[in-house]
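Beneath this line is the structure, given in structure tokens, with notes to follow.
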Amino acid sequence: MSANLPERIAYLLLRLVTYSMVGLVGYILFDIIRHGSPALTWEFLSTMPRRSGAAGGILPAIAGTLALVAGTIAVALPLGIGTAIFLSEYARRDRFTEIIRLAIVTLAGVPSIVYGLFGLGLFVIFLGFGASILAGSLTLACMVLPTIIVASEESLRAVPRGLREASLALGATKWQTIRTNVLPYAMSGMITGSILGIGRAAGETAPILLTVAAFYLPKLPKSVFDQVMALPYHLYILATQHPDAVRVRPMQYGTALVLLLLVLGLSLGAVFVRIHFRKKYRW
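Quick note: to get the working numbering, add 1 to the position in the sequence shown (first position is 1).
Next comes the structure, spelled out in structure tokens:
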């Protein structure tokens, strides 16, 4: 009995910590939904802001966020998956490759404000894109690229080696083996990790603060070189910089709920993709 006492105490402590974290997150979600639901009307979602964001809707912020997410996916997804395929299937297993992997993992932990300063210096100033959707999307793509590479490479490594060897033994080329015997079985993990990384980018404020975001811009973007409103930055200004924060509090909660639903939609999309590929491809 005494020998099991430390194990039971550790189990109870871990259970307490888990329940505390779940309860804290649940309370935050409940608070956002309770205060944000009344503001979630069709007018709020489909009209332009008025009076410097103190009234009206958030349509430009929603459109700007979706444009940034689409741009991030278009840039980061093919680059990240392509890099993971090269590192996992083609690159030599030597010291140089290990240094590259270490650099990628290190970049995944860099604070987002550093990526914002990088995007400001490279895309906004040096390349002359200005504060635009293009500069913001490229900055966010750089931020989520290490996460996509790491998740995709781990998924590729999880595919049994025997599937590759059997395909090569039957005369298939290296790329045919990867395309038909490796990628289908790794795709669920690759897409899931990628979408979760992009979901994180949708809620970031620091990178877009320096590269694309405007607080009050009551119009929709017409090209990738336009500056746009975005939900994270709009929420940040409403909560911390607006001169009448109490008056715009319903808009704060409404904007937070819309952003939460957007990220939740991306996460649910990742779950459905994972279920689809797991049902279709099993080993």
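Using N, Cα and C, we set each Cβ at its ideal position, and we do this for glycine too.
- Item | DSSP three-state assignment for P50, whether helix, strand or coil | strand
- Message: For T48, which residues in the same chain have their Cβ closer than 7 Å to its Cβ, ignoring the five residues on either side in sequence?
- Response: G57, G58 and L60
- Which partner residues of V229 appear in the DSSP bridge assignment? A214
- For the alpha helix (DSSP H) that contains K281, what are its first and last residues? R250 to K281
- Is it buried or exposed for P147, if we count other Cβ within 10 angstroms and need 16 for buried? buried
- Query: How is A240 classed by DSSP in three states: helix, strand or coil?
  - Reply: helix
- Message: Is it buried or exposed, S189, if we count other Cβ atoms within 10 angstroms and call 16 or more buried?
- Response: When all chains shown are included, S189 counts as buried.
- Query: Counting only runs that start and end within the region 166 to 227, where is the alpha helix (DSSP H) found for 4 or more residues in a row?
  - Reply: Complete alpha helix (DSSP H) runs here, min 4: 175 to 178, 184 to 203 and 207 to 212.
- Query: To which residues of the same chain is G81 closer than 7 Å at the C-beta, ignoring the five residues directly before and after it?
  - Reply: L146, I149, I150, S153 and S195
- Task: Rounded to whole angstroms, what's the CA-CA distance from A159 to I86? Just pull it up for me.
- Result: 13 Å
- Message: For S113 and F226, I'd like the C-alpha separation in whole angstroms.
- Response: S113 and F226: Cα-Cα distance of roughly 22 Å.
- Message: Please identify the residue among V106, A231, G37 and T84 whose C-alpha is closest to the C-alpha of M191.
- Response: T84
- Would you give the residue range spanned by the alpha helix (DSSP H) that R102 belongs to? R96 to A109
- Is DSSP giving G57 helix, strand or coil here? strand
- So V183 and S138 are in contact, right, with Cβ under 8 Å, and what is the actual spacing, rounded? V183 to S138, Cβ: 29 Å. No contact.
- Message: Whole angstroms are fine: how far does the CA of V106 sit from the CA of E166?
- Response: 29 Å
- Item | Coarse secondary structure for D32, derived from DSSP in three states | helix
- Cβ-based neighbour list, L267, same chain, cut-off 6 Å, excluding 5 preceding and 5 following: I196 and G200
- Contact between the region 167 to 186 and the region 119 to 130: three or more CB pairs below 8 Å? no
- Message: Suppose the cutoff is 6 Å on Cβ atoms and the five residues either side in sequence are ignored; what does the same chain contact list for I63 look like?
- Response: Correct list: empty, nothing qualifies.
- How about Q228: is its Cβ closer than 7 Å to a heavy atom in the ligand HEM? Of the ligands one can find in the structure shown there are none, so the ligand HEM has no counterpart to examine.
- Message: I'd like to know whether the C-beta atoms of G117 and L211 end up nearer to each other than 8 Å.
- Response: yes
- Message: Classify E205: buried if its beta carbon has 16 or more other beta carbons within 10 angstroms, exposed otherwise.
- Response: Under a 10 Å Cβ-count criterion, E205 is classified as buried, with 16 or more other Cβ atoms of the shown protein chains found around its own Cβ.
- Segment contact flag, the region 258 to 273 with the region 35 to 47, C-beta cutoff 8 Å, min 3 pairs: Contact between the region 258 to 273 and the region 35 to 47 is present, because at least three Cβ pairs lie under 8 Å.
- Task: Can you tell me which of H277, L141, S156 and R250 puts its alpha carbon nearest to the alpha carbon of D32?
- Result: R250
- Cα-Cα separation between V26 and T19, rounded to whole angstroms: 11 Å
- Query: How would you write the range of the alpha helix (DSSP H) that Y116 sits in, first residue to last?
  - Reply: First-last of the alpha helix (DSSP H) with Y116: S113 to G120.
- Query: For the putative contact between A214 and V264, defined by C-beta atoms under 8 Å, what is the C-beta separation to the nearest angstrom?
  - Reply: Beta-carbon to beta-carbon, A214 and V264 are separated by about 17 Å, too far to satisfy the 8 Å threshold.
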